[in-house]
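Single-structure report; data block below.
Numbering (the numbering used here), first residue to last: 85 to 341.
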């Protein structure tokens, strides 16, 4: 995502167009603005309506190519809000849209993020605020079993603008996964998986909790924030993705890519 100016680049290279659009699944409704796609989050709505709603909300801003900075009602009884993803410092901010009408919801997510099938949850319902002067934001969840505590983090005090943001989980890994990253240098079971933006995931031993748990993300639900998407499946476990990289962890197996 652009970092050098206070405005989102409305002409970003590599953005998908309608002519190039090949839906990933039935929830993927294609391009919206530059660098974003429309997704059916929940309910019985359709892509035509979803794209109309997103376009109507986008039209309420006076800055071309940017998501409005305040909530608004649009035609058809839909209510839309910007989901604030503060990245690369306070300026620029990049926004995702979240629009609802009854049980129906649609959202926009970054083109680089795979569209996971499932029911997307309202991101703000998973905000975790850590006390004590913590400078970043965490959007956290727990697996239904309680075995995994996971969060998506954006912390302006960490990393460079190009790689800032990470996602990970603490939990009970299969016993064969070990690491000698502990202070004693002795092979011990890992307890953490983490992945920084644009990088491959890694396993390690972490004495201090980095990825705090939050409200339960039920089986089949999806949480999207800061360019990451996570879901939980009863058999496969927790999956989190960032473009071509991601991980799936359960008590039985670990998959990293």
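Ideal placement from N, C-alpha and C gives every residue a C-beta, glycine not left out.
Given a threshold of 16 other Cβ atoms within 10 Å of its Cβ, counted over all protein chains shown, does residue i qualify as buried or as exposed?
i: residue 166; result: buried
i: residue 341; result: exposed
i: residue 321; result: buried
i: residue 318; result: exposed
i: residue 310; result: buried
i: residue 115; result: buried
i: residue 171; result: Confidence in residue 171 is poor, its pLDDT being 45 and thus under 50, which makes the residue's placement too unreliable to answer from.
i: residue 260; result: exposed
i: residue 106; result: exposed
With distances taken from CA atoms, which of the options is nearest residue i?
i: residue 239; options: 248, 232, 233; result: 248
i: residue 160; options: 146, 235, 136, 145; result: 136
i: residue 130; options: 117, 111, 142; result: 111
i: residue 183; options: 211, 152, 242, 212; result: 152
i: residue 193; options: 212, 308, 162, 336; result: 308
i: residue 231; options: 147, 255, 263; result: 255
i: residue 234; options: 222, 201, 295; result: 295
Secondary structure at residue i, three-state DSSP: helix, strand or coil?
i: residue 273; result: strand
i: residue 142; result: helix
i: residue 207; result: helix
i: residue 137; result: helix
i: residue 97; result: Below a pLDDT of 50, predicted positions are generally treated as unreliable, and residue 97, at 38, falls in that range; the measurement from the model is reported next regardless. Looking at residue 97 - three-state DSSP - the assignment turns out to be coil, as it is neither helix nor strand.
i: residue 260; result: coil
i: residue 317; result: strand
i: residue 163; result: strand
i: residue 194; result: strand
i: residue 327; result: coil
Are there any heavy atoms of the ligand SAH lying less than 8 Å away from the beta-carbon of residue i, as far as the coordinates show?
i: residue 153; result: The ligand SAH is absent from the structure shown, which contains no ligand whatsoever.
How close, in whole Å, do the beta carbons of residue i and residue j come, if the pair is a contact with beta carbons under 8 Å?
i: residue 257; j: residue 333; result: 7 Å
i: residue 291; j: residue 225; result: 22 Å between Cβ atoms; not a contact.
When you compare the CB of residue i with every CB in chain B, is at least one pair closer than 9 Å?
i: residue 135; result: As a matter of chain content, chain B is missing from the structure shown, which is built from one protein chain.
- [ ] Taking 8 Å as the threshold, find out whether the segment 269-282 comes into contact with the segment 199-206 through three or more Cβ pairs.
- [x] These segments do not touch.
Task: the segment 282-290 touching the segment 318-329, judged by at least three CB pairs closer than 8 Å - done: yes
- [ ] Report yes or no: do three or more beta-carbon pairs, one from the segment 178-194 and one from the segment 118-125, lie closer than 8 Å?
- [x] yes
- [ ] Could you say if the segment 109-122 and the segment 193-202 meet the contact criterion of at least three C-beta pairs nearer than 8 Å?
- [x] yes
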